[in-house]
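Chemist: Just dropping this structure here.
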Amino acid sequence: MTPGDRTAALRAAAAEPRLAAIATIVAARTASPAEVAALADCLAHDRKVVQRRAAEAFAALAAGGLDVAAVLGAGLAAPAFRARWGAAYALALAGRLPPAAVPVLLEALGDDDGDLRWAAARIVARLAASPALVARLCELVRTGSPPARKMALYCLRDLDARDAAAEAAAAGALADPDAHVRLAAQATLARVAVDREAAAGRLLAALAAGALAERRAAAAALGTLGAATPAVLDALRAAAGGDDPPLRRAAAGALRRLTGARGGTV
6 MTPGDRTAAL
16 RAAAAEPRLA
26 AIATIVAART
36 ASPAEVAALA
46 DCLAHDRKVV
56 QRRAAEAFAA
66 LAAGGLDVAA
76 VLGAGLAAPA
86 FRARWGAAYA
96 LALAGRLPPA
106 AVPVLLEALG
116 DDDGDLRWAA
126 ARIVARLAAS
136 PALVARLCEL
146 VRTGSPPARK
156 MALYCLRDLD
166 ARDAAAEAAA
176 AGALADPDAH
186 VRLAAQATLA
196 RVAVDREAAA
206 GRLLAALAAG
216 ALAERRAAAA
226 ALGTLGAATP
236 AVLDALRAAA
246 GGDDPPLRRA
256 AAGALRRLTG
266 ARGGTV
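The working numbering puts the first residue of the sequence shown at 6, with every later residue one more than the last.
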């Protein structure tokens, strides 16, 4: 396939010619300016496979020494979100994620596509837990859509952002109207809490009064939190002897973690 043919194929209406052209670029690890521009258009394709392969091709070009930062950086400011996301994803694969990509990643946390949300969250989790990033995630927990609130909480958890702001965001989200957000808040609070005694009190309340799914999550979160107070141990022992098998397993697992750390037994 000649460079001219490859450029035309990258702009084809059908996905198959684009994928074939992308494969030859990956194999060659080089591309002309016209091919790079056409490849950038593939980052906004409505087929995930085309978008993903184009991002992988940009990573291969970057690994081969071709400077793709300018074209991908321009993509971060594209009018269409899909194009912005494709550019951010390609930059992440290339290991050259600039600060300008962070707003795109945070925007992606609220997307309707669950696969895209989790892909963005995985990229965010690899960033440094700077105060600025933690603050933006906390704001998203407070003001975002339900999917964005949930994903921002999981990002705070995976960043291991142990500070008062993250703790406050997670604690506040325990009362969120969306059940999925509340579950994320429990898992996150256990990881980011600075005041572990206060966090234990909040999780104990969820263990005592939440729906079954939230009670199970609260039991597991107490094991992660690691605050082996008498109140926590008593509540977990009671849950471990209850009627719901998943709750019993979660509570027993938490007890093993807590009492093992203290040299005791369940």
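The C-beta atom is built at its ideal place from N, Cα and C for all residues, glycine as well.
In whole angstroms, give me the CA-to-CA distance for L194 and A211.
Modeler: Straight-line Cα distance between these residues: approximately 12 Å.
Chemist: Between which two residues does the alpha helix (DSSP H) containing T193 stretch?
Modeler: Unbroken alpha helix (DSSP H) run through T193: A184 to V197.
Chemist: With distances taken Cα to Cα, identify the nearest neighbour of A49 among A83, I30 and A124.
Modeler: Comparing Cα-Cα distances from A49 to each of A83, I30 and A124, the minimum goes to A83.
Chemist: Let me confirm a value: G91 is counted as buried when at least 16 other C-beta atoms fall within 10 Å, else exposed. Which label applies?
Modeler: G91 comes out buried.
Chemist: For T35, is the classification buried or exposed, using 16 other Cβ atoms within 10 angstroms of its Cβ as the cut-off for buried?
Modeler: That one is exposed.
Chemist: Using C-beta distances below 7 Å, list every residue in its chain close to R16, excluding the 5 sequence neighbours before and after it, in chain order.
Modeler: Within the same chain, R16 has close Cβ partners A43 and D46.
Chemist: Between which two residues does the alpha helix (DSSP H) carrying D239 extend?
Modeler: Element bounds for D239: P235 to A245.
Chemist: Spatial neighbours of A54 within its chain, please: C-beta separation below 8 Å, excluding the five flanking residues on both sides.
Modeler: Note on identity: in this sequence residue 54 is Val, with Ala being the wrong assignment. Here the set comprises A20 and L24.
Chemist: If you drop the 5 nearest sequence neighbours on each side, which residues of the same chain put their C-beta closer than 6 Å to that of V237?
Modeler: Cβ neighbours of V237 beyond the five flanking positions: A205 and L227.
Chemist: Quick check on DSSP: helix, strand or coil for P84?
Modeler: Of the three classes helix, strand and coil, the one that applies to P84 here is coil, per DSSP.
Chemist: For the alpha helix (DSSP H) containing P251, name the first residue and the last one.
Modeler: P250 to R267 is the span of the alpha helix (DSSP H), which, as asked, contains P251.
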